[in-house]
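Protein chains in written order, with the working numbering: chain A, 2 to 108; chain B, 325 to 442. Think of the CB as a built atom: it goes at the ideal place given N, C-alpha and C, for glycine as much as any other residue.
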């Protein structure tokens, strides 16, 4: 199975800050990578697919980049409602696998 | 707009079979690919498997010998069965849609907690 290492495991930042989360796959997944946002007590919500395509309705401050094995999720100007855990997900090969998650907290 | 709702027992005894259903509203179960994902309390996400009406399916090898996903077109539901459960199977179980079979999970149910305990 393709392993995904996500970092950092948690980050604390102020509103308006730029926040970056990274995922590294154990082998190339092309651009078959998605990002999900999960708030406490809720199901994950799709943010980005194809490494960089913002899902319908997603705030423009969220962006994704990368290909191959290294990927980045960027929140350009952190808002209070962005407090959540973010997961990357490779769907290049079965079994689908997820990163361990990054908890984003607001200072 | 497609909406998913999980249902099933919240408590299962060790060695028994976990059975959950996911009811699809706002869309046909014949049109998409249907997945189960689980999340142990306080942990990350684990993909369980998927099924399509044409019979395409795949399961996580970590569960493969114990898991089965089936579709019921008459009820517009799909189901998960996991046999011989242990405490390690305690988790929130989510059903989710993959719209085109590419792997992106664009609609999720709210999730249902299943606890394995005697």
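DSSP places residue 439 of chain B inside the beta strand (DSSP E), whose first and last residues are 436-440. Taking 9 Å as the threshold, the shortest C-beta distance from residue 72 of chain A to chain B does not fall below it.
Contact fails between the region 46-63 of chain A and the region 337-350 of chain B, because fewer than three Cβ pairs, one in each stretch, are under 8 Å apart. Between residue 385 of chain B and chain A, the shortest Cβ-Cβ separation is below 9 Å.
The beta carbon of residue 85 of chain A lies closer than 7 Å to those of 38, 39, 40 and 105 in the same chain, with the five residues before and after it left out.
With respect to residue 357 of chain B, residue 413 of chain B sits apart: the two C-beta atoms are not nearer than 9 Å. With 16 or more other CB atoms across the displayed protein chains lying within 10 angstroms of its CB, residue 83 of chain A is buried. Between residue 22 of chain A and residue 87 of chain A, the CB-CB gap stays under 9 Å. DSSP places residue 396 of chain B in the strand class (E or B) of the three-state scheme. Contact annotation: the region 418-432 of chain B touches the region 354-373 of chain B, with at least three C-beta pairs closer than 8 Å.
At a Cβ-Cβ threshold of 9 Å, residue 6 of chain A and residue 101 of chain A count as neighbours. Of the candidates B:400, B:442, B:405 and B:409, B:400 places its Cα closest to the Cα of residue 329 of chain B.
Residue contact check for residue 418 of chain B against chain A: a CB pair falls below 9 Å.
Under the three-state reduction of DSSP output, residue 83 of chain A falls in the helix class.
Under DSSP, residue 90 of chain A takes part in a beta bridge, and its partners are A:35 and A:99. Between residue 380 of chain B and residue 372 of chain B, the gap from beta carbon to beta carbon reaches 9 Å or more.
The residues 37, 38, 39 and 88, in chain order, have a CB closer than 8 Å to that of residue 45 of chain A in the same chain once the five nearest residues on each side in sequence are set aside. Interface annotation, residue 429 of chain B: in contact with chain A, CB-CB separation under 9 Å.
Contact with chain B is found for residue 97 of chain A, since one of that chain's Cβ atoms lies less than 9 Å from the residue's Cβ. Residue 397 of chain B is not a Cβ neighbour of residue 332 of chain B, given a cutoff of 9 Å.
For residue 367 of chain B and residue 74 of chain A, the gap between their C-alpha atoms comes out near 20 Å. For residue 45 of chain A, the closest Cβ of chain B is nearer than 9 Å.
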